[in-house]
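K.L.:
In my numbering, the protein residues as written are 6 to 232.
The beta-carbon is built from N, C-alpha and C at its ideal position, and this holds for glycine as well.
Structure provided below as structure tokens; questions to follow.
Following this line, the structure appears as structure tokens:
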């Protein structure tokens, strides 16, 4: 079926089937907008994480690294966000004196809050993809059933029952199912892919937070030994 015949089927379809097709086209457009936005988001997030962690583990002064991040006018995410928020709290506490167990717990809580916010950012709009992926086939099926019902209704009114009498109506109806799958399949694939990326990214961020907490703990032990 070429593009022209598909357009012709759409124009010849009844109002209900045509409405179903319009809804599915709209859902597909929304799905692809989210897919491209999430793709760019995860690509930038990974690039920034690699750059930051290379600097962090290179032995650079953490105060200089914090100052560099603090001067950026962008929303940070992942290990950069965890480091900036927790190190800011660490500096504030250190200026007050030696670190206590309560201070360390406060730093850990700050990191957990950052990770929770990252999780919210990572999963942004993914529920929309999930809904499009799960609902679109049923919307398309509804359009197909409605169109086939109309075809057989027309067949009952015809003087001669032939396949040519119902074929156009059935073709119009089946294209609704095809459009439902066209909207659903990319949404489901993208949802699974981005969910996996988010889980992997958050796991990496959690590991970094634990390593950073160990650094803060060693610093607290060092301060106690210096007393």
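Would you report the Cα separation of residue 218 and residue 190, rounded to the nearest angstrom?
P.N.:
Cα-Cα distance, rounded: 42 Å.
K.L.:
Tell me which residues share the same chain as residue 42 and place their Cβ nearer than 8 Å to its Cβ, disregarding the 5 neighbours each side in the sequence.
P.N.:
Cβ within range, chain order: 130.
K.L.:
Residue 83 and residue 123 - do their beta-carbons sit closer together than 7 Å?
P.N.:
For residue 123 and residue 83, yes; Cβs fall inside 7 Å.
K.L.:
Mapping the DSSP letters down to three states, classify residue 105 as helix, strand or coil.
P.N.:
Note: residue 105 maps to coil in three-state DSSP.
K.L.:
Taking just the CA atoms, how far does residue 39 sit from residue 134?
P.N.:
Roughly 8 Å separates the two Cα atoms.
K.L.:
So, does the region 195-208 touch the region 63-76, judging by three or more C-beta pairs under 8 Å?
P.N.:
Too few Cβ pairs lie closer than 8 Å, so no.
K.L.:
Between the beta-carbon of residue 119 and the beta-carbon of residue 87, is there less than 7 Å?
P.N.:
It is a contact, given that the beta carbons lie within the stated cut-off.
K.L.:
Looking at C-alpha atoms only, which residue of 32, 48 and 26 is the closest neighbour of residue 206?
P.N.:
Looking at the Cα atoms, 48 is the closest of the given residues.
K.L.:
When the distance is taken between beta carbons, is residue 149 closer than 7 Å to residue 192?
P.N.:
In this structure, residue 149 does not lie closer than 7 Å to residue 192 by Cβ.
K.L.:
Grouping DSSP H, G and I as helix and E and B as strand, with all else coil, what is residue 89?
P.N.:
Reduced to three states, the DSSP call for residue 89 is helix.
K.L.:
Where residue 77 and residue 60 are concerned, what is the direct C-alpha to C-alpha distance, given to the nearest angstrom?
P.N.:
For residue 77 and residue 60, the distance between alpha carbons rounds to 16 Å.
K.L.:
Report all residues from its chain with a CB closer than 6 Å to the CB of residue 92; omit the five preceding and five following residues, and keep chain order.
P.N.:
Within the same chain, residue 92 has close Cβ partners 71.
K.L.:
Around the C-beta of residue 96, are 16 or more other C-beta atoms found within 10 angstroms, so that it is buried, or is it exposed?
P.N.:
Residue 96 should be labelled exposed.
K.L.:
For a test of the three-state rule: what should DSSP assign to residue 76, helix, strand or coil?
P.N.:
Correct three-state label for residue 76: coil.
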